[in-house]
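Notes follow once the structure below has been shown.
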Amino acid sequence: MKASSAPSTGTGDGSPPPSSSAPPQRKLTVTQRDQLNVEGRVFEILQSMNGASPEAQSVMLELWRDKHIEFLAKGLRQLGPSYCVLDANRPWLCYWILHSLALLGESIDLDLEDNVVDFLSRCQDDEGGYGGGPGQLPHLATTYAAVSSLITLGSERALSSINRHKMRLFLLRMKDLSGAFRMHDEGEIDVRACYTAISVASSLNILDDEFMKDLGNYILSCQTYEGGIAGEPGSEAHGGYTFCGLATMILIGEADKLDLPSLIDWVTFRQGVECGFQGRTNKLVDGCYSFWQGGVLALIQRILSIVNEQLKSSFLEEGKETVESNCSTSSSHLSGEESDLDEHPCEADKTFNKSTEGQFSNIDFNFLERESGWGPLFHSIALQHYILLCCQVLEGGFRDKPGKHRDHYHSCYCLSGLSLCQYSWSKNVNGPPLPNTVLGPYSNLLEPIHPLHNVILDKYYKVHEFFSKS
Numbered sequence: 001m002k003a004s005s006a007p008s009t010g011t012g013d014g015s016p017p018p019s020s021s022a023p024p025q026r027k028l029t030v031t032q033r034d035q036l037n038v039e040g041r042v043f044e045i046l047q048s049m050n051g052a053s054p055e056a057q058s059v060m061l062e063l064w065r066d067k068h069i070e071f072l073a074k075g076l077r078q079l080g081p082s083y084c085v086l087d088a089n090r091p092w093l094c095y096w097i098l099h100s101l102a103l104l105g106e107s108i109d110l111d112l113e114d115n116v117v118d119f120l121s122r123c124q125d126d127e128g129g130y131g132g133g134p135g136q137l138p139h140l141a142t143t144y145a146a147v148s149s150l151i152t153l154g155s156e157r158a159l160s161s162i163n164r165h166k167m168r169l170f171l172l173r174m175k176d177l178s179g180a181f182r183m184h185d186e187g188e189i190d191v192r193a194c195y196t197a198i199s200v201a202s203s204l205n206i207l208d209d210e211f212m213k214d215l216g217n218y219i220l221s222c223q224t225y226e227g228g229i230a231g232e233p234g235s236e237a238h239g240g241y242t243f244c245g246l247a248t249m250i251l252i253g254e255a256d257k258l259d260l261p262s263l264i265d266w267v268t269f270r271q272g273v274e275c276g277f278q279g280r281t282n283k284l285v286d287g288c289y290s291f292w293q294g295g296v297l298a299l300i301q302r303i304l305s306i307v308n309e310q311l312k313s314s315f316l317e318e319g320k321e322t323v324e325s326n327c328s329t330s331s332s333h334l335s336g337e338e339s340d341l342d343e344h345p346c347e348a349d350k351t352f353n354k355s356t357e358g359q360f361s362n363i364d365f366n367f368l369e370r371e372s373g374w375g376p377l378f379h380s381i382a383l384q385h386y387i388l389l390c391c392q393v394l395e396g397g398f399r400d401k402p403g404k405h406r407d408h409y410h411s412c413y414c415l416s417g418l419s420l421c422q423y424s425w426s427k428n429v430n431g432p433p434l435p436n437t438v439l440g441p442y443s444n445l446l447e448p449i450h451p452l453h454n455v456i457l458d459k460y461y462k463v464h465e466f467f468s469k470s
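Residues in the sequence shown are numbered consecutively from 1, following full-length UniProt numbering.
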């Protein structure tokens, strides 16, 4: 009887048999799944936009101004019980709503304005600063929100309600030996505290050398290897802290200490395929970063002279090292002669340096006088697409991203970012933008803001004049 042959274990040429099943697919992480989900939602919205008629596209790109005003005005008068979790953030609610209304060109009636001033006066601590509500601990974040709200109201009664003497004492009490600021008594130290303290001091014309000691060095220590700025040394670069850090450095005249080319590189790469900005590397897009990240690049546009000096210095240094390396065998020919490369040290733009008298009151004012050297360093039209199509809620208000709910925080910073986009091609802050820089109908145009403080430009000029006389 013939023995049966063994089963084949190859292809006849000695190679192993093909696999009977496909290799197992790598399991997606939660972050990857979330990213794909967001991209899918955004793609559907943009695809519907591209497939619509010109008339329909015009409607889709319209800013629903009346609906937003209705949503915001209602929130200023009364909020539902779910907002009780924001009890310690009531000045923030005032700011988010008032600033959003001001961006839309809307003002509130005198009775409501008086109510806001009275409420914020009850939040003002006897020892200076503002708490999150009447009787609450004074805090730098709510102090910034309260002062910005009163600046946005802009009346003499609103501005006069701020106790500048006690405010200065409070701000300096928050100053830490490290050079940074604490958010409140025995509170955390971070870049956010530095910005809120310096922005308030600058707006109220009480900024001086006492605020400055070692502050720039602290913020510099928070710039990470990525180029962005973290909340504290050793942490991850973050869009909100990057804005706060850069704005603070400009306000104290030390922006040249930062590695600005590296910072620009990090921020520009935060604008992703969704057209909006993410706050950190490998995080999801969020409408609020339209301001926090877009605002960083809006600031950079007006200090390009410092960026150019840093780039020039870097190129010169690289060239100098190359020359020294290549000519090391001929050093005797160079001895006793001064190199031309040493005659061009990096200098910061004089406009943003501290004066010899230590006066800082006009740094933010002079900042506005600077012409924007280039166009925007981000895709401003793409960002407007994301804000209007993906963040705008047709019933009023703005949201983080498709699938999320509207709120006053995102309404404030989406509108602030939209304003920055619309004016990003304007060399002069007081000049109207060209129609082709405003996505959708020109009626979408918002009020311009001061990019260092995020208050309406007209209101900034008014407060600057008011406290310059004090």
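Positions of the beta carbon are idealized from the N, C-alpha and C atoms, including for glycine.
Backbone secondary structure at residue i - three-state DSSP
| i | result |
| --- | --- |
| Pro261 | helix |
| Gln78 | coil |
| Phe181 | strand |
| Arg122 | helix |
| Arg302 | coil |
| Tyr423 | coil |
| Arg406 | strand |
| Pro138 | strand |
| Gly245 | helix |
| Gln271 | strand |
| Val438 | coil |
| Tyr225 | coil |
| Ile189 | strand |
| Phe378 | coil |
| Trp363 | The residue asked about is misnamed: residue 363 is Ile in this sequence, not Trp. The answer is helix: DSSP assigns Ile363 an H, G or I state. |
| His464 | helix |
| Gly397 | coil |
| Val455 | strand |
| Ile387 | helix |
| Ser339 | Because the pLDDT at Ser339 is just 35, under 50, the model does not fix this residue reliably, and the point stays unresolved. |
| Gly131 | strand |
| Val429 | coil |
| Gln25 | coil |
Buried or exposed by the 16-neighbour rule on C-beta atoms within 10 Å, applied to residue i
| i | result |
| --- | --- |
| Val59 | exposed |
| Arg26 | exposed |
| Leu110 | exposed |
| His139 | buried |
| Arg90 | buried |
| Ile97 | buried |
| Ser328 | Confidence at Ser328 is low in this model, with a pLDDT of 45, below 50, so its placement is unreliable and the value that follows should be read with caution. Ser328 comes out exposed. |
| Gln293 | buried |
| Asn436 | exposed |
| Pro24 | exposed |
| Ser419 | buried |
| Trp66 | Rather than Trp, the amino acid found at residue 66 in this sequence is Asp. When all chains shown are included, Asp66 counts as exposed. |
| Lys459 | buried |
| Tyr225 | exposed |
| Asp34 | exposed |
Euclidean distance between Cα positions of residue i and residue j
| i | j | result |
| --- | --- | --- |
| His238 | Ala56 | 37 Å |
| Asp209 | Asp256 | 18 Å |
| Arg164 | Leu207 | 11 Å |
| Thr29 | Asn37 | 12 Å |
| Ala313 | Ser262 | It is worth fixing the name first, because residue 313 is Ser in this sequence and not Ala. Straight-line Cα distance between these residues: approximately 14 Å. |
| Phe269 | Arg157 | 44 Å |
| Phe315 | Trp266 | 20 Å |
| His379 | Cys275 | 8 Å |
| Ile69 | Pro54 | 27 Å |
| Cys414 | Asp185 | 32 Å |
| Gln223 | Glu232 | 9 Å |
| Val438 | Gly187 | 42 Å |
| Ile306 | Glu395 | 44 Å |
| residue 488 | Gly135 | Nothing can be reported for residue 488: it is not among the residues displayed for the chain, which extend from 1 to 470. |
| Glu254 | Tyr409 | 30 Å |
| Val273 | Pro448 | 27 Å |
Close-in-space but distant-in-sequence residues of the same chain around residue i (CB under 6 Å, 5 per side omitted)
| i | result |
| --- | --- |
| Met167 | Gly128 |
| Leu63 | Asn444 |
| Val147 | Val200 |
| Ser424 | Pro376 and Ser380 |
| Leu304 | Gly373 |
| Tyr289 | Gly239, Phe277 and Gly279 |
Cβ-based neighbour list, residue i, same chain, cut-off 8 Å, excluding 5 preceding and 5 following
| i | result |
| --- | --- |
| Cys194 | Ala180, Phe181, Leu215, Tyr218, Ile219, Cys244, Gly245 and Thr248 |
| Leu251 | Ile198, Ser199, Ser202, Leu207, Phe360, Ile363, Asp364 and Leu452 |
Proximal residues to residue i (C-beta, below 7 Å), its chain only, five neighbours per side dropped
| i | result |
| --- | --- |
| Phe466 | Leu159 |
| residue 471 | Residue 471 falls outside the range modelled here, since the chain spans only 1 to 470, and no answer is possible. |
For the region 281 to 288 and the region 297 to 305, state whether three or more C-beta atom pairs, one from each stretch, are separated by less than 8 Å. no
Quick check: the region 92 to 110 against the region 453 to 464, are at least 3 beta-carbon pairs closer than 8 Å? yes
Would you check if there are 3 or more beta carbon pairs closer than 8 Å linking the region 224 to 240 to the region 197 to 207? no
Validate contact between the region 77 to 94 and the region 31 to 51 using beta carbons, cut 8 Å, 3 pairs: no
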